[in-house]
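Enquirer: In the working numbering, the protein residues as written are 22 to 660.
Note that beta-carbon positions come from the ideal geometry of N, C-alpha and C, so glycine has one too.
Attaching a single structure in structure tokens format; questions to follow.
Take a look at the structure:
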């Protein structure tokens, strides 16, 4: 038993007062003579016995009465050792897409919110955060509406991130009890190799369980050629449980244009194909019906009319191989001899190829610098006999590359930088043995630019940095067989394709992506991105003949967005949620360290409330005091 005001217990010394009153006779007696005192002695003896009993009963009654009153004013109570300490509670509520899984026909998130509202005492001050929102030092009524309207997110904090963020909500008071409550389904992806612990924090885990959710996900799509008139759209699906088949629908806008059925294999994967007309603008959506998670039941994509990329070759030799690579369906290819070149046409191009020039005039150096500053891409192929001074004057502006020496040694081109953006999606795996192209003579260079292709001794054959690419050898047939190599087409094709970045079929939200819009933007104009009533302004940089857009934080919801200049729609771009939340594999809770592990929110908060409960006893001692007072009255009256 503990006391709220223990100093009042000194009042127990007042019990000495009735003891003194009862034990000391303070009254004086007067003697009166009687002739016959036998009867009187008998009466006095009986009276004295009765009086002694009454005095002792009154003494004990009054002592108990005073004791009960003193203890009542000291306010005794029973409580846990932690009950009187200051407590801080920080709650993490998982609002990721995996919380769409249902238990008793209710999504886990909605169920968790309802249980929290019921379990948290009305006046309890606490902090709560989700994967995207935070509420600090609030009571339930302050955030009840926010909790009831919580939306799902593709963001997911890992356990160490949850610990670190929770620590920002706790005070630095070392005497307070700090409780961190983690409410989640504990997907496997939350686990990290290292978990940051918070000293002196009691960690409570609430595992929300589902009832064998069968989730089917539209994983990804891709395009491939299917003849001169059509293209084929392939859709890949996955399931966490084996299922025979499921209908898959293809929409263009809101119009259903195709429907088929997907059959799952033993590895729980499925694939379906749709045939689409070539060169048709499509605002596409793949949709399935599934009772599991809903966020991965659809996938947006768009196919826009392709903008043709402008490529200009400035020749000293024939450029037939370039014409064959830069085909009419994707590129607007033009070629001029240096003497016939119109410099005013340069800034209208997306890619310029200096094809085996012996020297680069200073006027062309200046124009090319202006061209690349405006976002254009440049490819430099030297001739077998170059003017070092003019070439170095050009290249020193970009990659700090200098041609230093002509080397007349035959070398094989053996090393490929597979990670370079130039070869993105070109190779399915790293190529080790292939027929190496070779050169008979090349130029040794001094450079800080990374090598994309290099010889066996790691001397560079192709350098690339930003929007400038430099070959270190002539690729004419007399010096090299590179034109006959399988590398020639992807190398030059991707140089052209990357000079005007078009949107992919779709982009995953949260990943950085950049695209180019072929447009001469008017002064003081900016491009906006819209979807319905929602619009935002992306990061953008305007050049002479295009605008480069970068997407990082926005948008934050999936769908097909339109890039607009004022009221004019220019291009579509599609965004989808990453499918990481679709993997419904969970952490083994036995492997996690925590103060408590709970299966329900209600049981956890009942336990926490019990630890804070104080059982006050002062009312009982007041009742005891009244009872002893009544006993004293009865003793006085009947004894």
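Hey, could you find the ends of the beta strand (DSSP E) residue 347 is sitting in?
Expert: Indexing the chain shown from 1 puts residue 347 at position 326. Looking at the DSSP string, residue 347 is not in any beta strand (DSSP E), and its letter there is neither H nor E.
Enquirer: Identify the residues that DSSP records as bridge partners of residue 375: which are they?
Expert: Stepping through the chain shown from its first residue, residue 375 is reached at position 354. Partner(s): 335 and 401.
Enquirer: Consult DSSP for residue 268 and reduce its assignment to one of helix, strand or coil.
Expert: By one-based count along the chain shown, residue 268 stands at place 247. Residue 268 falls in the strand class under three-state DSSP.
Enquirer: So residue 338 packs on residue 574, CB below 8 Å; how close in whole Å?
Expert: Position 317 of the chain shown, counted from the first residue, corresponds to residue 338. Position 553 of the chain shown, counted from the first residue, corresponds to residue 574. Contact doesn't hold; Cβ gap of about 48 Å is too wide.
Enquirer: Exposed or buried, which one is residue 116 when buried takes at least 16 other CB atoms within 10 Å?
Expert: One-based indexing of the chain shown puts residue 116 at position 95. Residue 116 comes out buried.
Enquirer: My parser needs the beta strand (DSSP E) runs of 3 or more residues fully inside the stretch 104-180; what are they?
Expert: Runs of the beta strand (DSSP E) inside the stretch 104-180: 108-114, 147-150 and 155-159.
Enquirer: With the cut-off set at 8 Å, would you say residue 270 and residue 289 are in Cβ contact?
Expert: By one-based count along the chain shown, residue 270 stands at place 249. By one-based count along the chain shown, residue 289 stands at place 268. No, these two residues do not count as a Cβ contact at 8 Å.
Enquirer: Whole angstroms are fine: how far does the CA of residue 628 sit from the CA of residue 591?
Expert: The residue given as residue 591 occupies position 570 in the chain shown. The residue given as residue 628 occupies position 607 in the chain shown. Those two C-alpha atoms are separated by around 60 Å.
Enquirer: Tell me whether residue 556 sits in a helix, a strand or coil according to DSSP, three-state version.
Expert: Mapped onto the chain shown, residue 556 falls at position 535. Looking at residue 556 - three-state DSSP - the assignment turns out to be strand.
Enquirer: Terminal residues of the continuous alpha helix (DSSP H) containing residue 524?
Expert: Start at 1 with the first residue of the chain shown, and residue 524 comes out as number 503. No alpha helix (DSSP H) contains residue 524, which DSSP labels as neither H nor E.
Enquirer: Between which residues of its own chain and residue 332 is the CB-CB distance below 6 Å, once the five residues before and five after are set aside?
Expert: In the chain shown, counting from the first residue as 1, residue 332 sits at position 311. Answer for residue 332: 347, 352, 354, 372 and 517, listed in chain order.
Enquirer: Quick check on residue 589: does DSSP put it in helix, strand or coil?
Expert: In the chain shown, the residue the question calls residue 589 occupies position 568. Three-state DSSP puts residue 589 in a strand.
Enquirer: Which residues bound the alpha helix (DSSP H) around residue 388?
Expert: For the purposes of this step, residue 388 is taken as the residue at position 367 of the chain shown. It spans 383-394 - the alpha helix (DSSP H) in which residue 388 sits, taken as one unbroken run.
Enquirer: Residue 528 by DSSP, collapsed to three states: which one?
Expert: Position 507 of the chain shown, counted from the first residue, corresponds to residue 528. If DSSP states are grouped into helix, strand and coil, residue 528 belongs with the strands.
Enquirer: Verify whether the separation of the beta carbon atoms of residue 656 and residue 82 is less than 8 Å.
Expert: The sequence position of residue 656 within the chain shown is 635, counting from 1. The sequence position of residue 82 within the chain shown is 61, counting from 1. Yes, the Cβ-Cβ distance between residue 656 and residue 82 is below 8 Å.
Enquirer: List the DSSP bridge partners of residue 433.
Expert: Translated into positions along the chain shown, residue 433 becomes position 412. The partner list for residue 433 (beta bridge, DSSP) reads 459.
Enquirer: Determine, using beta carbons only, whether residue 617 and residue 225 come nearer to each other than 8 Å.
Expert: Residue numbering aside, residue 617 sits at position 596 when the chain shown is read from its first letter. Residue numbering aside, residue 225 sits at position 204 when the chain shown is read from its first letter. Against a cut-off of 8 Å, the Cβ pair of residue 225 and residue 617 comes out as a contact.
Enquirer: Closest by CA to residue 415, which one among 399, 136, 430 and 428?
Expert: In the chain shown, the residue the question calls residue 415 occupies position 394. Nearest C-alpha to residue 415: 399.
Enquirer: Would you identify the three-state DSSP class for residue 546, choosing helix, strand or coil?
Expert: Position 525 of the chain shown, counting from 1, holds the residue named residue 546. Residue state, collapsed to three classes: coil.
Enquirer: Does the stretch 596-606 come into contact with the stretch 200-215, if we say contact requires no fewer than three beta-carbon pairs (one atom in each stretch) closer than 8 Å?
Expert: Because the criterion of three Cβ pairs below 8 Å is met, the stretch 596-606 and the stretch 200-215 touch.
Enquirer: Label residue 278 either buried or exposed according to how many other C-beta atoms from any shown protein chain fall within 10 Å of its C-beta, with 16 as the threshold for buried.
Expert: Locating residue 278 in the chain shown gives position 257, where the first residue counts as 1. With fewer than 16 Cβ atoms within 10 Å of its Cβ, residue 278 is classed as exposed.
Enquirer: State the start and end residues of the unbroken beta strand (DSSP E) segment that holds residue 291.
Expert: If you number the chain shown from 1, residue 291 lands on position 270. Residue 291 -> beta strand (DSSP E) spans 290-298.
Enquirer: With respect to the alpha helix (DSSP H) encompassing residue 652, which residues constitute its N-terminal and C-terminal limits?
Expert: Translated into the one-based positions of the chain shown, residue 652 becomes position 631. It spans 639-659 - the alpha helix (DSSP H) in which residue 652 sits, taken as one unbroken run.
Enquirer: Please name the residue or residues paired with residue 283 in a DSSP beta bridge.
Expert: As a working mapping, residue 283 is identified with position 262 in the chain shown. Answer is 267.
Enquirer: Can you tell me which residues form a DSSP beta bridge with residue 253?
Expert: Here residue 253 is taken as the residue at index 232 of the chain shown, counted from 1. Residue 253 is bridged to 245 and 296.
Enquirer: What residue ranges within the stretch 459-525 form continuous beta strand (DSSP E) runs of no fewer than 3 residues, ordered along the chain?
Expert: You should have 463-467, 472-476, 481-486 and 489-492.
Enquirer: Identify whether residue 228 lies in helix, strand or coil by the three-state DSSP scheme.
Expert: The count along the chain shown starts at 1 and reaches residue 228 at position 207. In the structure shown, residue 228 sits in a strand (DSSP, three-state: E or B).
Enquirer: What separation, rounded to the nearest whole angstrom, lies between the Cα atoms of residue 19 and residue 95?
Expert: What is shown of the chain runs 22 to 660, which leaves residue 19 out entirely.
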